[in-house]
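Asks: Pasting in a structure now, in structure tokens, and then I'll have a few things to ask.
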Amino acid sequence: MVNTNDFRRYSYEGDAAYALEAFNKTRSSAVPQTKKAPKRKLTLSPRTVKKSRSQLVKEQRAARVKVIETVAVVGLVLAMFTGVLFTYVQKNELSKSISQIQQDISVAKSDNVSLNAQLESLVSVSQIDTYAIDELGMTRLQSNQITYIDTADYMARQAQETQAQEAQAQQDDAE
Numbered sequence: 730m731v732n733t734n735d736f737r738r739y740s741y742e743g744d745a746a747y748a749l750e751a752f753n754k755t756r757s758s759a760v761p762q763t764k765k766a767p768k769r770k771l772t773l774s775p776r777t778v779k780k781s782r783s784q785l786v787k788e789q790r791a792a793r794v795k796v797i798e799t800v801a802v803v804g805l806v807l808a809m810f811t812g813v814l815f816t817y818v819q820k821n822e823l824s825k826s827i828s829q830i831q832q833d834i835s836v837a838k839s840d841n842v843s844l845n846a847q848l849e850s851l852v853s854v855s856q857i858d859t860y861a862i863d864e865l866g867m868t869r870l871q872s873n874q875i876t877y878i879d880t881a882d883y884m885a886r887q888a889q890e891t892q893a894q895e896a897q898a899q900q901d902d903a904e
């Protein structure tokens with residue numbers, strides 16, 4: 730195919746003499762009117778077979794069934810996609826709540842450790858001893874203040890006192 734704008738081969742087309750056509754006053758700058766296309770007549774091609782009304786009805790039913798099947802499949806796919814998306818949303822929400830609960834647990838554990846340390850510092854033996862001596866005016870126990878009691882004698886004395894009280898109660902009831 731020959732390119733008419735190839736000035737190397739056809740240099741005379743680019744000459745100034747041919748540029749005068751641009752100044753042609755007889756041509757109009759208006760858009761040329763378009764011609765209306767002639768109406769086509771509907772004709773059957775020679776290989777077209779005419780169908781009976783029952784065949785057309787069957788084809789229409791088959792087409793409707795295909796459309797319904799397509800719509801059902803698309804609806805099912807959309808429902809499945811929505812279900813998967815919903816489960817991902819639930820999973821994300823549960824993961825966020827689990828991480829928040831784990832964070833709350835770690836904060837509670839650290840608070841527990843600090844409070845236990847504070848409690849142990851408040852209840853130490855040396856602090857109790859210092860408070861008893863300085864604030865309450867108590868003195869330390871000395872070895873001569875310790876008395877040892879034989880539990881067998883103590884139990885025997887307790888039994889005698891209990892029997893004496895019961896006998897006294899019976900006499901009071903008899904009177």
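Residue 730 is where the sequence shown starts when you use the working numbering, and the numbers rise one by one after that.
We treat Cβ as the ideally placed atom computed from N, Cα and C, and that holds for glycine.
Since we're looking at a predicted model, the values are computed, not measured.
List the endpoints of the continuous alpha helix (DSSP H) containing V842.
Replies: Here residue 842 refers to the residue found at position 113 of the sequence shown. From DSSP, the alpha helix (DSSP H) with V842 extends over R782 to L851.
Asks: Going by DSSP in three states, I857 sits in which element: helix, strand or coil?
Replies: By 1-based counting over the sequence shown, the position of residue 857 is 128. Note: I857 maps to helix in three-state DSSP.
Asks: If you drop the 5 nearest sequence neighbours on each side, which residues of the same chain put their C-beta closer than 8 Å to that of V778?
Replies: Working through the sequence shown from its first residue, we reach residue 778 at position 49. Nothing listed; no residue qualifies.
Asks: Which two residues bound the contiguous alpha helix (DSSP H) that contains A888?
Replies: Position 159 of the sequence shown holds residue 888. A888 -> alpha helix (DSSP H) spans T880 to A903.
Asks: Looking only at its chain, what residues have a beta carbon closer than 7 Å to the beta carbon of A896, apart from the 5 residues adjacent to it on each side?
Replies: If you number the sequence shown from 1, residue 896 lands on position 167. Cβ neighbours of A896 beyond the five flanking positions: none.
Asks: Using the Cα positions of Q894 and Y860, report the straight-line distance between them to the nearest angstrom.
Replies: As a working mapping, residue 894 is identified with position 165 in the sequence shown. As a working mapping, residue 860 is identified with position 131 in the sequence shown. About 42 Å.
Asks: What three-state label does DSSP hand S872 in the structure shown?
Replies: For this step, residue 872 is matched to residue 143 along the sequence shown. It is helical.
Asks: Measure the C-alpha to C-alpha separation of L848 and S835 and round it to an integer number of angstroms.
Replies: Sequence index remark: in the sequence shown, residue 848 carries index 119 (1-based). Sequence index remark: in the sequence shown, residue 835 carries index 106 (1-based). Taking the straight line from one Cα to the other gives about 20 Å.
Asks: Hey, how far is the Cα of D879 from the Cα of Q889?
Replies: Your numbering for residue 879 matches position 150 in the sequence shown. Your numbering for residue 889 matches position 160 in the sequence shown. Using only the alpha carbons, I get a separation of about 16 Å.
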